Amino acid sequence: MLANRKLILAHFWLAFAVFGVALTLGAWQMFIRSPIGTWLSNPELYYRSLTAHGTVMGYVFPTLVAMGFGYAISESALEQRLVGVRWAWGGFWLIVIGSIMAVIPVALGRASVLYTFYPPLIGNVFYYLGVVLVVVGSWIWVALMSINLRVWRKANPGAAVPLAMYANVAGSYLWAWTAVGAALELLLQIIPVAAGLKATIDAGLARVFFSWTLHAIVYFWLMPTYIAYYTIVPRAIGGRVYSDSMARISFILFLVVAMPIGMHHTFADPMVGAGFKFIHSAFTALVALPTLLTVFTICASIEIAARLRGGRGLFGWIRALPWDNPMLLALAFSFIMLGFGGAGGLINMSYQLDASIHNTQWITGHFHLIFGGAIVIMYFAIAYDLWPHLTGRDLIDLRLIRTQLWLWFIGMIVTTFPWHWVGILGMPRRMAYFDFGDPAIAPQALSVTLSAIGGFILLSSGILFLVILARGMRAPQAEAGPYRFALAVHQPATVPIALNTHALWVALMIALTLTNYGYPILTLAMTEGTSVPAVYVGAQ
Amino acid sequence: MSAEDIHGSAEVAARVERRWATIAVIIIVMMALLAAFAGIHRATMPQPRVETTDPSRIHLSGEFVESNLGSVLEANGNVTVRAIGQQYSFTPACIVVPVDTPITLRATSADVVHGILIQGTNINTMLVPGYVSEQLMRFARTGDYLMPCQEFCSFGHEGMWGKVKVIDKTDFAARAKAGGRLSCVGQ
Numbered sequence: 001m002l003a004n005r006k007l008i009l010a011h012f013w014l015a016f017a018v019f020g021v022a023l024t025l026g027a028w029q030m031f032i033r034s035p036i037g038t039w040l041s042n043p044e045l046y047y048r049s050l051t052a053h054g055t056v057m058g059y060v061f062p063t064l065v066a067m068g069f070g071y072a073i074s075e076s077a078l079e080q081r082l083v084g085v086r087w088a089w090g091g092f093w094l095i096v097i098g099s100i101m102a103v104i105p106v107a108l109g110r111a112s113v114l115y116t117f118y119p120p121l122i123g124n125v126f127y128y129l130g131v132v133l134v135v136v137g138s139w140i141w142v143a144l145m146s147i148n149l150r151v152w153r154k155a156n157p158g159a160a161v162p163l164a165m166y167a168n169v170a171g172s173y174l175w176a177w178t179a180v181g182a183a184l185e186l187l188l189q190i191i192p193v194a195a196g197l198k199a200t201i202d203a204g205l206a207r208v209f210f211s212w213t214l215h216a217i218v219y220f221w222l223m224p225t226y227i228a229y230y231t232i233v234p235r236a237i238g239g240r241v242y243s244d245s246m247a248r249i250s251f252i253l254f255l256v257v258a259m260p261i262g263m264h265h266t267f268a269d270p271m272v273g274a275g276f277k278f279i280h281s282a283f284t285a286l287v288a289l290p291t292l293l294t295v296f297t298i299c300a301s302i303e304i305a306a307r308l309r310g311g312r313g314l315f316g317w318i319r320a321l322p323w324d325n326p327m328l329l330a331l332a333f334s335f336i337m338l339g340f341g342g343a344g345g346l347i348n349m350s351y352q353l354d355a356s357i358h359n360t361q362w363i364t365g366h367f368h369l370i371f372g373g374a375i376v377i378m379y380f381a382i383a384y385d386l387w388p389h390l391t392g393r394d395l396i397d398l399r400l401i402r403t404q405l406w407l408w409f410i411g412m413i414v415t416t417f418p419w420h421w422v423g424i425l426g427m428p429r430r431m432a433y434f435d436f437g438d439p440a441i442a443p444q445a446l447s448v449t450l451s452a453i454g455g456f457i458l459l460s461s462g463i464l465f466l467v468i469l470a471r472g473m474r475a476p477q478a479e480a481g482p483y484r485f486a487l488a489v490h491q492p493a494t495v496p497i498a499l500n501t502h503a504l505w506v507a508l509m510i511a512l513t514l515t516n517y518g519y520p521i522l523t524l525a526m527t528e529g530t531s532v533p534a535v536y537v538g539a540q
Numbered sequence: 001m002s003a004e005d006i007h008g009s010a011e012v013a014a015r016v017e018r019r020w021a022t023i024a025v026i027i028i029v030m031m032a033l034l035a036a037f038a039g040i041h042r043a044t045m046p047q048p049r050v051e052t053t054d055p056s057r058i059h060l061s062g063e064f065v066e067s068n069l070g071s072v073l074e075a076n077g078n079v080t081v082r083a084i085g086q087q088y089s090f091t092p093a094c095i096v097v098p099v100d101t102p103i104t105l106r107a108t109s110a111d112v113v114h115g116i117l118i119q120g121t122n123i124n125t126m127l128v129p130g131y132v133s134e135q136l137m138r139f140a141r142t143g144d145y146l147m148p149c150q151e152f153c154s155f156g157h158e159g160m161w162g163k164v165k166v167i168d169k170t171d172f173a174a175r176a177k178a179g180g181r182l183s184c185v186g187q
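Chains as they are written, first to last, in full-length UniProt numbering: chain A, 1 to 540; chain B, 1 to 187.
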């Protein structure tokens, strides 16, 4: 059993509770703008809901999962007492306070700016302050992860840092630095205007700042999932990690190249020139590398498990895998969704192809498939795997868990595939309703209806997930033993210093961000006459 | 397993891994090279230049004053379309252009961030207040196209739909003879 059960459970329960609320809002949004929904008399309600859904799913939910999982990793992988438990609770309460502070103006319709902010639209200042508090709370976690690793290093000089902790700390550094883009946008640009200290804002510069956060944040969401791929799944199915060093290389590649690529979100924007658009496009291609390496290493790792179970043949071993094991099922679903989502992502980041799908429903379909699908299904798996160690009780109903995972997978495919399709037809994002009576829009009606049905399948799966966890709190007691991570085939006693520390890679991450963002940001900041009057939400 | 076996299998593993990593790198380099080639050789690329404009003055002077919005036939036979987006409509709300003609779309926003997307084509650009967006386009077929705003621009976003009417070249030339800026608003 883990020592800091309360701390970790608090993070997970808050994460999954807000996830449940945001999921319900999401399903309602899918329904209300579909042909089976009733015409919404007040479209503004849709944008309130959309702002809440995005803010929770983008900032609060994954951050809490990463934090809770990070504390569990620090304690169990390093096998040492967690340093700074009081600070950890402080960070948790900052997130609680920040979330409440942000949600009130959103619920009142005073901050319907969506989680991507979109200045010169300006909402109530407490919405932005709330988001800042959430980020500050998570930065405490970043510091604690670093401190705990340092304490361990002192006690174990020269020893190989366990892979789970090495990756966890890489993920925390990634988050600390990627959040800086949005933090600069909020602190230097938006909050002074929202507080009434300034009346104009440079919308182009704000978009560049936000792009710094907007892409790498996805890799922060991804980190717990990849850590689960490498360090939980092989152990859970009786395999070994194919290569410890390849795993480390994948994580540091994420750290270095996830950041200086965000401008592929601004291909269609007028405030960035062709040169930097191309550089960011090329770097985005590079970020496919750690994923390609991961797919290889994980497939090889589960092949080891299958062969140890007597699997034979070129592909025959796949049948020998323990398919009734929820971890394997989650991994398989996650990989399928990662494959489709990744292929779609290559189109989005393409210098040329992006124009055909930019800001269409294709994009919404894409990130729901990657984040809601490939990433979140592994959050479920992480929770299932950790739960007995947090509650001291068994999760006994494996069939129910498998049903939940199947429903999530089916729901995500039914939701996102038609969603991609209507995007190709040119359906724009983020609209409260569509006039399906228009002959030019009518052909999209069937696809949108399918997506809405998928949304309800996802909702049912989400409810089932919460039920399973809640039932797990009341199951008969059972000692789960210490929480362990997968071992590599060749478990290293020592690793090269570059793969055992983060300093070099953090330096590279910062340097590449400066080279890829420094010039565009400086020139925009120095260009006169691009600040425009703020448009206050709710003031019209 | 003996120590020798372990050593041997580690070498095999490293070799397979290196091969896969090489393939992955080649795929990625190929993608970047293709994009560079298409960008340079075929000039297919996102908007290359940065141009600014003051949105608080665009209705008073400069190329985006109301009387200058719409389509105009240039001396070289090309067409220039100027448009603005504002909460919650485009001006002109209906853009008329000739088929099979190189067209330059120049547009900006008068208030918040908007976007122009012409359905059934790959014409797609953001309108950011303070900056001018420029897109080259060419329509192969006549007909009506929907042109929704593709970026959230506050509570009336869902009602911000414009239209593009692509007409015959000779029809367009005849209309352009009268001078002024063409649009299909009210037609």
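Glycine residues also receive a C-beta, built at the ideal position from the N, C-alpha and C atoms. Predicted model only: the values in this text are computed from it and were never measured.
When rounded, the separation of the alpha-carbon atoms in MET145 (chain A) and ARG49 (chain B) is 43 Å.
Cβ-Cβ distances below 6 Å link GLY85 (chain B) to SER109, HIS114, LEU127 in the same chain, with the five nearest sequence neighbours on each side left out; the list follows chain order. With fewer than 16 other Cβ atoms inside 10 Å of its own Cβ, TYR519 (chain A) counts as exposed. The alpha-carbon of ASP171 (chain B) is positioned some 12 Å away from that of LEU182 (chain B). Cβ neighbours of MET378 (chain A) within its own chain (closer than 8 Å, five residues either side excluded): PRO224, THR225, ALA228, TYR229, ALA330, LEU331, SER334.
About 7 Å separates the beta carbon of ASP385 (chain A) from that of MET327 (chain A), a gap short enough to meet the 8 Å contact definition.
Contact between THR266 (chain A) and ILE217 (chain A) does not hold, since their C-beta atoms are separated by about 15 Å, which reaches or exceeds 8 Å. Close partners of TYR131 (chain B) in chain A (Cβ separation under 9 Å): ALA203, GLY204, ASP269, PRO270, MET271, THR530.
Take GLY109 (chain A), set aside five residues on each side of it, and the residues of its chain with a beta-carbon closer than 7 Å to its own are GLU44, ARG48, GLY538, in chain order. The residue among B:TYR131, B:GLY180, B:GLU158, B:ARG106 with its C-alpha nearest the C-alpha of SER89 (chain B) is B:GLU158. Here the alpha carbon of MET67 (chain A) sits roughly 28 Å from the alpha carbon of ILE410 (chain A).
According to the DSSP assignment, CYS94 (chain B) belongs to the beta strand (DSSP E) that extends over 94-98. Contacts with chain A at 8 Å (Cβ-Cβ) include CYS149 (chain B).
For ALA66 (chain A), the three-state secondary structure derived from DSSP is helix.
At a cut-off of 8 Å, the C-beta of THR44 (chain B) has a neighbouring C-beta in chain A. The criterion of a C-beta distance shorter than 8 Å is not satisfied by GLY481 (chain A) and TRP387 (chain A).
In terms of Cβ geometry, THR24 (chain A) and LEU459 (chain A) form a close pair [threshold 8 Å]. Residue pairing by DSSP places ALA488 (chain A) opposite A:VAL241 in a beta bridge. Flagged as an interface residue toward chain A: ALA10 (chain B), by a C-beta distance shorter than 8 Å.
Short of 8 Å from the beta carbon of ARG309 (chain A), and not among the five residues preceding or following it, lie these beta carbons of its own chain, in chain order: GLY238, ALA320, LEU321, PRO322. Here the C-alpha atom of CYS149 (chain B) lies approximately 22 Å from the C-alpha atom of ILE167 (chain B). Annotation: HIS389 (chain A) to ALA36 (chain B) spans about 52 Å, alpha carbon to alpha carbon. When DSSP states are grouped into helix, strand and coil, HIS358 (chain A) belongs to the coil group.
With respect to chain A, the C-beta atom of PRO102 (chain B) has no partner C-beta closer than 8 Å.
Residue pairing by DSSP puts LEU146 (chain B) in a beta bridge opposite B:LYS163. Per the coordinates, the alpha-carbon of ASN4 (chain A) lies some 29 Å from the alpha-carbon of ALA503 (chain A). Partner residues in the beta bridge of VAL79 (chain B), as assigned by DSSP, are B:LEU73, B:ILE103. By the rule that beta-carbons nearer than 8 Å mark a contact, THR170 (chain B) does not touch chain A. Using beta-carbon distances, GLU479 (chain A) does not count as an interface residue toward chain B, since no partner is under 8 Å. Contact between VAL489 (chain A) and ILE298 (chain A) is ruled out by a C-beta separation of about 13 Å, above the 8 Å threshold.
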